[in-house]
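A short worksheet on the structure shown next.
There are 2 protein chains.
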Amino acid sequence: MSHGSGGQMTAKLINDIFFKHFQNDILLKAEDSAVLDMNGKIAFTTDSFVVEPLEFNGGDIGKLAVCGTVNDLISVGARPLYLTCGFIIGEGFSIEQLERIVISMSETAKEAGVKIVAGDTKVIETKGLFINTSGIGDVISSVSISNSKKGSKIIVTGNLGEHQASIMSARMGIENNIKSDVAPLIGLANIFEKLQNSPKNIDNSEISKTAIQTMRDITRGGLVTVLHELCEKSNCGVLIYEKKIPVCNEVKGFCDILGLEPIYMANEGKMLIVVEEKYADKVLEFVKNCLYCENATIVGEITDGSDVILKTLIGGERILSPLYSEGLPRIC
Amino acid sequence: MSHGSGGQMTAKLINDIFFKHFQNDILLKAEDSAVLDMNGKIAFTTDSFVVEPLEFNGGDIGKLAVCGTVNDLISVGARPLYLTCGFIIGEGFSIEQLERIVISMSETAKEAGVKIVAGDTKVIETKGLFINTSGIGDVISSVSISNSKKGSKIIVTGNLGEHQASIMSARMGIENNIKSDVAPLIGLANIFEKLQNSPKNIDNSEISKTAIQTMRDITRGGLVTVLHELCEKSNCGVLIYEKKIPVCNEVKGFCDILGLEPIYMANEGKMLIVVEEKYADKVLEFVKNCLYCENATIVGEITDGSDVILKTLIGGERILSPLYSEGLPRIC
């Protein structure tokens, strides 16, 4: 508990664990705020992480905390640059486990090209660990959940449901090979510049700056929840094809047994991208070449309706209602 | 628990409570990150709040969360502009109490001139409420904990110990009039410009841009903890005078009974300001005219030693050791 007092014990914890692994010139100044040079439009976001268990197949709360905020920045067309992290630590929490989680954060931050520039530590009597990460990045392109247009194609960057299936497996004590998909989708940051400079430019014409209309990472509540937000904000409908929804065999089996639907399940390394129809194949090709996106696929399109409709395998149409309550707390 | 699922229940909570009170054009876009125009140097900071009780004489966790982050930004010479907030809410938490706290945040944010531009909500099984606030501001002047120079004067902006005494009183069930000092010290933001434009310019000469060397809000661990950080980072010593330390009579009495020292106690609306000696009186006069700073006083000076020394009331000198562990968890 004394690690949270603000005195010498707090300083020791910060030096021994956080500064050691999060080293960078800005953090080490130990000011009350990091001072950064930014010009123009910046993106600013926050996310708290309360996942249980703290370590799971494919990741841990630290990796999740970095990826979640990095992906939220990428979702608005930004290049992620700086993170802060706030730790709320239960008394008696293992220092070894804390250090493992901090190392995981540090490695993920390196992979994502972001610096952790400020932090805070509090200690509480309750067991466990909660991490908040906030992040800023410079906004390069203008995408928005309100910007999807009728006829545009919807790309999902990979297999759905893996994060939730991994957490559920851990909680239920089921042994399988399902790994959380938690990943920083840094290949999708700055996507316009990359597309424009792409040597594989199919028709050699410049890709329009408005080609990509919406990006949104697909987390809690799954694909359907994102699609409902999109319909509401972009004032449109959506049609997706069940046969196109990418799901790996193991998650498919897991879902069949438990009666779950991957389109409602949480992911931590998947993006939804809405692209103007004529650029859809080119963007898909680009996306498939990004790390963690090799299974990207076009799952459907924007319609002039207002519902989220699933074309089922047998050819029927089903209106997908929004998730009301999934009953799976502490998924991220 | 379903309020944390990411589905409709989460959306309802966000609309009914957070959007309702935190209304502004940026937040209402409901993107994954807020997009903001910033130019030049910006300050970026984070803080988590776990105070218990959640509501206390003089404030609540929401007011604390806004003030803490606002004051951290002011500490590096920034003008606070935008906040994010992350809520971790215990299952079964009273919606009425949550709304009271959110209203308190909203009012404090208005007073401080900051907008809450992004947020996040998680629900856990544990009881209680934790709030993280992160903030950004534009940096106008350059102050640093590493920048204090020998001979400079140390201003404390008001009476010490009130926040901690208020929290302790609440926990111990002691009835008294001690109010937490929690406040946004917004009058101290942008202090240089204000000083330069001050009509009360004592000698009519422009105040030097380097007049104010260090600002730091005095929170957990109290004045002595800040002074130790300052000595370490600025490579100096400090002499403070016991008779100059501002403490109100009620806190003095409270401390006498419990054997506490106000210089080690937590505050939530007090700043330490180190000023070049020749400008000290002018800056003090300015500070005393700022809201929440009327009891500001010069408590000591920077020395060429390395210790934090207290000149006692009876004329002796006492080396003040850093706080090791104060045994008062969840003070902020």
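Protein chains in written order, with the working numbering: chain U, 59 to 390; chain B, 59 to 390.
Don't be surprised by glycine CBs; every beta carbon is placed ideally from N, CA and C.
Check: If contact means a Cβ-Cβ distance below 8 angstroms, which residues of the stretch 80-99 of chain U contact chain B?; Outcome: K87, A88, E89, D90, S91, A92, V93, L94, D95, M96, N97, G98 and K99
Check: At what residue ranges does the stretch 125-172 of chain U contain a whole run of the beta strand (DSSP E), taking only runs of 3 or more?; Outcome: 136-148
Check: Say whether chain U places a C-beta atom closer than 7 angstroms to the C-beta of N262(B).; Outcome: For N262(B), the predicted model reports a pLDDT of 47, less than 50, meaning its position is unreliable and no value from the coordinates is stated.
Check: Does any CB atom of chain U fall closer than 7 angstroms to the CB of F188(B)?; Outcome: yes
Check: Along chain B, in chain order, which residues have C-beta atoms closer than 7 angstroms to that of F102(U)?; Outcome: S91, A92, L94, Y140, T142, V175, A176 and I194
Check: Does DSSP put R274(B) in a helix, in a strand, or in coil?; Outcome: strand
Check: In whole angstroms, what is the alpha-carbon distance linking K99(B) and S192(B)?; Outcome: 17 angstroms
Check: Are the C-beta of K301(U) and some C-beta of chain B separated by less than 7 angstroms?; Outcome: no
Check: I146(U) touches chain B at which residues, Cβ-Cβ below 7 angstroms?; Outcome: S106, V108 and F188
Check: Short of 6 angstroms in beta carbon distance, which residues of its chain neighbour I298(B), apart from the five on each side in sequence? Order them along the chain.; Outcome: V357, G358 and L368
Check: So, does the CB of T370(B) fall closer than 7 angstroms to a CB anywhere in chain U?; Outcome: no
Check: Which chain U residues sit within Cβ distance under 9 angstroms of V240(B)?; Outcome: Residues of chain U passing the Cβ test: none, with the nearest at roughly 16 angstroms.
Check: Could you work out which residues of chain B lie near I203(U), taking near to mean beta carbons separated by less than 9 angstroms?; Outcome: K87, A88, E89 and D90
Check: Under 7 angstroms, Cβ to Cβ, is there at least one residue of chain B near V282(U)?; Outcome: no
Check: Given that P380(B) touches chain U, what residues does it touch there, using C-beta distances under 9 angstroms?; Outcome: G65, Q66 and A69
Check: Show which residues of chain U have a CB atom less than 9 angstroms away from the CB atom of R229(B).; Outcome: In chain order: nothing, as chain U lies at least about 13 angstroms away.
Check: Can you pull the chain B neighbours of D339(U), defined as C-beta to C-beta under 7 angstroms?; Outcome: None at all; the shortest Cβ gap to chain B is about 26 angstroms.
Check: Quick test of your reading: T391(B) and I203(B), contact by CB under 8 angstroms. State the CB separation rounded to the nearest angstrom.; Outcome: Outside the shown range of chain B, which is 59 to 390, sits residue 391(B), and nothing can be said about it.
Check: Hey, how far is the Cα of C289(B) from the Cα of V366(B)?; Outcome: 8 angstroms
Check: Classify G150(U): buried if its beta carbon has 16 or more other beta carbons within 10 angstroms, exposed otherwise.; Outcome: exposed
Check: Does the count of Cβ pairs from the stretch 312-320 of chain B and the stretch 180-187 of chain B closer than 8 angstroms reach three?; Outcome: no
Check: Does the CB of L243(U) have a neighbour CB from chain B at under 7 angstroms?; Outcome: no
Check: Return the residue from the list F107(U), G144(U), A223(U) and G245(U) that minimises the CA-CA distance to N62(B).; Outcome: Sequence inspection shows Gly at residue 62(B); the Asn mentioned does not correspond to that position. Checked all of F107(U), G144(U), A223(U) and G245(U); the closest Cα to G62(B) is F107(U).
Check: Could you tell me the alpha carbon to alpha carbon distance between N262(B) and L246(B), rounded to whole angstroms?; Outcome: For N262(B), the pLDDT reaches just 47, beneath the cut-off of 50, and the residue's location in the model is therefore unreliable, leaving the point undetermined.
Check: For M329(U), write down the residues that DSSP places opposite it in a beta bridge.; Outcome: D275(U)
Check: When the distance is taken between beta carbons, is L253(B) closer than 7 angstroms to I132(B)?; Outcome: no
Check: Kindly indicate if chain U contains any beta-carbon less than 7 angstroms away from that of Y350(B).; Outcome: no
Check: Should the stretch 271-285 of chain B be regarded as contacting the stretch 330-337 of chain B, the criterion being three or more beta carbon pairs within less than 8 angstroms?; Outcome: yes
Check: Determine, using beta carbons only, whether V93(U) and V134(B) come nearer to each other than 7 angstroms.; Outcome: yes
Check: Please determine, among T142(U), S60(U) and A223(U), the residue with the shortest C-alpha to C-alpha distance to F77(U).; Outcome: T142(U)
Check: Just verifying my parser: in three-state terms, what is the DSSP assignment at R376(U)?; Outcome: strand
Check: Should K328(B) be flagged as near chain U, meaning a C-beta pair shorter than 7 angstroms?; Outcome: no
Check: Let's test the definition: count the other Cβ atoms within 10 Å of the Cβ of D90(B) and tell me whether it reaches 16, buried, or not, exposed.; Outcome: buried
Check: At 9 angstroms on the CB atoms, spell out the chain U contacts of P387(B), in chain order.; Outcome: M59, S60, G62, S63, E149, K180, V181, I182 and E183
Check: Could you round the C-beta distance between N82(B) and K173(B) to whole angstroms and report it? I think they count as a contact, below 8 angstroms.; Outcome: 5 angstroms
Check: Identify the continuous beta strand (DSSP E) that holds F188(B) and give its terminal residues.; Outcome: L187 to V197
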